[in-house]
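These notes are about the structure you will find just below.
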Amino acid sequence: MMPLVFVLVSLAITQVLTSYMPALAMEPGLQANTEWPTQDWPNTDFSKTDITPADIISGGPARDGIPSIDRPQFYPSHDAFIGPKGDFPLNDLEPVIRIEINGDARAYPLRILIWHEVVNDVVGGVPVVVTYCPLCNAALVFERTLNGRTLEFGTSGLLRHSDLVMYDRETESWWQQFTGQAIVGDMVGQELTPVTARIESFLLYKTAFPTGKILVPNDLTARPYDRTPYARYDAETGLPLLFSGELPPGIPAMARVISVEDKNGEMLAWSLGLIRRQKEIRHGDLVLRWVKGQSSVLDRELVVLGRDVGNVSVQCDQNGILVDLPHHEAFAFAFHAFHPDSPIIQHLPEAR
């Protein structure tokens, strides 16, 4: 029999996680909307849209219920213990979103992004928005200046194809995180410019950028940053939450997929399992590589205990020089939802 103290502590932890839980604390159901939420969004022009109300569902929280980080603070990544009091230790295998612009290298730990999803930042003099949708496992970075106007983004509390719908605070238009496209409001027809980024382990980041910076929460007590509310979510035998679309054929819905747009604008996608087995895949001038040593933030409740899913790089071979490319790493169901006509490669043709 477990000691009473252990049981009480476990229950307390569960209650804390549930109280903060972005999308899993409440299951609003997949009820199709028939009208736009005009009362909640009085400044959004719903006459301008590429979608219908039925495409949108609530993720649970209200607008900005998952708070974006608008004044991010950073510390040197070479410190053994990070933060104002050295009280934000990161395990070397923990995943971070890495970007580098004009010599300014920054890393955004997923243990923070699972609780905030959106970071408005300026990197190397370029205003960017760093985003992560845990339900799709999609980490994407975009420039947030359009036609000379700098936008600031927040979370809408809404989902489309289980993917984060952001909004800009200037026009209150809605934006699809997976594509960077405006889907409702004055900005419909506009698309954010992607910024080259990758998810990699903290160890790989600080090895590549020993003088780089790493994001630290402004308030370490605001969320239980050492834990995830999405424990066991990324099991390949599972199913996506808050998703009612068609599942991808021939591959588990929760399998991880790496995709990149080729020179002709076509989306190419490979299963992470294939890249892991091959270690390196070359397709024309594309080079995809996998190395071990990155933990999942969607596996165990304690982030530090997440299983190893490895690191993937996607690069272009330019006369022997490998250059990083913008790419997606996401679950198969999400890729299929936004690119239903693009196959996911799971096997390479046998050599003759």
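Going by the working numbering, the residue at position 242 of the sequence shown is 242; the numbering climbs one at a time, nothing skipped.
Note that the Cβ used here is the ideal one computed from N, Cα and C, for glycine as well.
This structure is a prediction, so every number in the text was calculated from the model and none was measured.
Assigned with DSSP and collapsed to three states, Leu110 falls in helix. In this structure Ser295 is not in contact with Leu90, their Cβ atoms being roughly 11 Å apart against a cut-off of 8 Å. Looking at the backbone, the Cα of His327 and that of Leu268 are separated by about 10 Å. Looking only at Glu200, Ile183, Asn147, Glu152, the smallest Cα-Cα distance to Val128 is reached by Glu152. Val128 sits in a strand when the DSSP states are folded into three classes. Contact between Val184 and Ile51 holds, since their C-beta atoms are separated by about 7 Å, short of 8 Å. Taken atom to atom, the span from the alpha-carbon of Val323 to that of Asp40 is near 44 Å. In the DSSP secondary-structure assignment, Pro229 is not bridged to any residue.
Within the same chain, Val119, Asp121, Leu215 come within 6 Å of Pro72 by CB-CB distance, once the 5 residues on both sides are set aside. Judged by pairs of C-beta atoms under 8 Å, the region 190-198 touches the region 138-145, as three or more such pairs exist. The Cβ-Cβ distance between Arg160 and Ile57 falls below 9 Å.
For the region 265-303, the full-length alpha helix (DSSP H) segments reaching 4 residues or more read 272-278 along the chain.
Looking at the DSSP output, Glu191 bridges to Gln181. Closest in alpha carbon position to Phe202, among Pro109, Trp270, Gly245, is Pro109. By the C-beta density criterion, Gln177 is buried, having at least 16 other C-beta atoms within 10 angstroms. A straight-line Cα-Cα distance of about 10 Å links Arg277 and Arg289. By the C-beta density criterion, Arg232 is exposed, having fewer than 16 other C-beta atoms within 10 angstroms. Three or more beta-carbon pairs separated by less than 8 Å link the region 300-313 to the region 208-228, which places the two stretches in contact. By the Cβ neighbour-count rule, Ala107 is buried, with 16 or more other Cβ atoms within 10 Å of its own. With fewer than 16 other Cβ atoms from the protein chains shown falling within 10 Å of its own Cβ, Arg307 counts as exposed. Counting of Cβ neighbours within 10 angstroms places Gly154 among the buried residues, the total reaching 16 or more. For Lys263, the closest of Ile251, Cys133, Asp285, Ala197 by C-alpha to C-alpha distance is Asp285.
Secondary structure at Leu146: strand, using DSSP grouped into helix, strand and coil. Just so you know, the alpha carbons of Gly103 and Arg198 end up roughly 16 Å apart.
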